[in-house]
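Asks:
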Amino acid sequence: MQNSAENKSNILGHLSGFTAAAIWGLMAPIGKDAMMHGVTGLDMVFFRVTGAAVSFWLASIFLSLRRAHSTNPPKENVPTKDVFKFAAAGLFAIVCNQCCFTVGLSITSPINTSIVTTSLPIVALIFSAIFLHEKITAKKILGIVFGVSGAVMLIMGSAAANNAKAGNIVGDLLCFTSQCSFAIYLAFFKNLVSKYSVITTMKWMFTFSTIMIAPFTLGGVMQIPFSDISVLTWLETSFVVLGGTFIAYILVAKAQKALRPTVVAMYNYVQPVTSTIVSVVAGLAIFGINHALAIALIVAGVYTVNSAKTQK
């Protein structure tokens, strides 16, 4: 029975990691378009963090009302020491990650952003090896090589087909910094995330993150000419807030409960796959043998790292 429950948890963890990465794959081009039509990078950071904080509090209230009507309502008390840990987790997983990524995306190309995101599994593996003593085996290195090769092949093929513009080195470095920040979160806060429900974890993390970013972003948001921005841009912003932030962070937290940090990070390779599929459906690219080979390499990379034995 225990093995069955553990297997079910692992399957849900993999599905959660895959879906979150697919949503983030959609978010890059959608968010980029919104930031080209009246919403700046810092404005988008404010909307993402604040909107998600409000969404998680509303979800928390809804769940509390449901528990109140149950015969044996579970209680989840968060001690003060863990509240401060949530603040630290929010600093790495949300503030540094989202600020660097969103601002970086606003000044570089989505193609470059997708390439940079493939560095997350490598950074996560390094941090896990140093601080969690996860053994780096030849099999894990082989899996990372597979994943990087497939993602780069896919992205570079799409770039050549669509004649994408060159990126910006500052934007690329900001996106890379965001991956390092998120890798630290995956490596250091797995135990904290595993102790509490997803809603409780995200509620506190986004609350502290909102407090941290408000002094730097609220002034710009107050100056937005709201009436001049199109409905499409607001819909794109809403997708970034609700899909790319609220839903995706719930899924990542679920994946983080069941999977190792390196495995969660490996699902970042799904992002360029999603972008390619969307491009093909929209008639922006043609699916060829190079795309099929790239996807096969990415899947092989995720499988190889996941199947590698971990030293406890």
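Per the working numbering, the sequence shown runs over residues 366 to 677.
The beta-carbon is built from N, C-alpha and C at its ideal position, and this holds for glycine as well.
The structure presented is a predicted model; accordingly, all values stated were derived computationally and were not measured.
1) Just how far apart, CA to CA, sit Cys461 and Ser546?
2) To the nearest angstrom, report how far apart Gly608 and Val563 are at their CA atoms.
3) Cutting at 7 Å between CB atoms, please list the residues of its own chain near Gly666, excluding the five before and the five after it.
4) Tell me, to the nearest whole angstrom, how far the beta carbon of Val488 is from that of Ala548; I am working on the premise that it is less than 8 Å.
5) If you draw a straight line from the alpha carbon of Ser592 to that of Leu557, how long is it in whole angstroms?
6) Helix, strand or coil for His379 per DSSP?
7) Assess, as a yes-or-no matter, whether the region 568–579 is touched by the region 444–454 under the definition of 3 or more beta carbon pairs within less than 8 Å.
8) Within its chain, find whatever has a CB closer than 8 Å to the CB of Thr675; leave out the 5 residues flanking it on each side and keep chain order.
9) Within the 7 Å Cβ cut-off, does Phe611 reach chain D?
10) For Ala657, does the count of other Cβ atoms within 10 angstroms reach 16, so buried, or fall short, so exposed?
11) With distances taken from CA atoms, which of Asp537, Gly378, Ser484 and Phe383 is nearest Val638?
12) By the DSSP assignment, the alpha helix (DSSP H) with Pro580 in it spans what residues?
13) Nearest CA to the CA of Thr542: which residue from Thr478, Met409 and Leu391?
14) Grab the span of the alpha helix (DSSP H) containing Gly469 for me, first residue to last.
15) Write down the C-beta distance between Ala385 and Leu616 rounded to the nearest angstrom, noting that I regard them as a contact closer than 8 Å.
16) Kindly indicate which residue of Leu377, Met409, Leu407 and Leu456 has the alpha-carbon position closest to the one of Trp569.
17) Below 6 Å CB to CB, which residues in the same chain sit around Val586 once its five sequence neighbours on both sides are set aside?
18) From Leu430 to Ile495, what distance separates their C-alpha atoms?
19) Threshold first: 4 residues or longer. Then list the alpha helix (DSSP H) segments lying entirely within the region 384–438, N to C.
20) Below 7 Å CB to CB, which residues in the same chain sit around Val535 once its five sequence neighbours on both sides are set aside?
21) Look at Gly378 and Ala620 and say whether their C-beta atoms are less than 7 Å apart.
22) What first and last residue would you give for the alpha helix (DSSP H) that runs through Val443?
23) When you compare the CB positions of Ser420 and Phe554, do they come within less than 7 Å of one another, or not?
Replies: So, to answer that:
1) Here the alpha carbon of Cys461 sits roughly 6 Å from the alpha carbon of Ser546.
2) 16 Å
3) Gly508, Ile509, Phe511, Gly512, Gly515, Met631 and Tyr634
4) 4 Å
5) Their Cα atoms are separated by approximately 42 Å.
6) helix
7) The way I'd put it, the region 444–454 does touch the region 568–579; three or more beta-carbon pairs between them come closer than 8 Å.
8) With a pLDDT of only 49 at Thr675, under 50, the local geometry of the prediction cannot be trusted, and no value is derived from it.
9) The chain labelled as chain D is not found in the depicted structure, where only one protein chain is given.
10) exposed
11) Phe383
12) Run containing Pro580: Val563 to Met587, per the alpha helix (DSSP H) assignment.
13) Thr478
14) In the DSSP assignment, Gly469 falls within the alpha helix (DSSP H) that extends over Asn462 to Ile472.
15) 4 Å
16) Leu456
17) Asp408 and Phe411
18) 43 Å
19) Qualifying alpha helix (DSSP H) stretches, in chain order: 406–433.
20) Ile472
21) yes
22) Counting along the chain, Val443 falls outside any alpha helix (DSSP H), and DSSP gives it neither H nor E.
23) No, the Cβ-Cβ distance between Ser420 and Phe554 is not below 7 Å.
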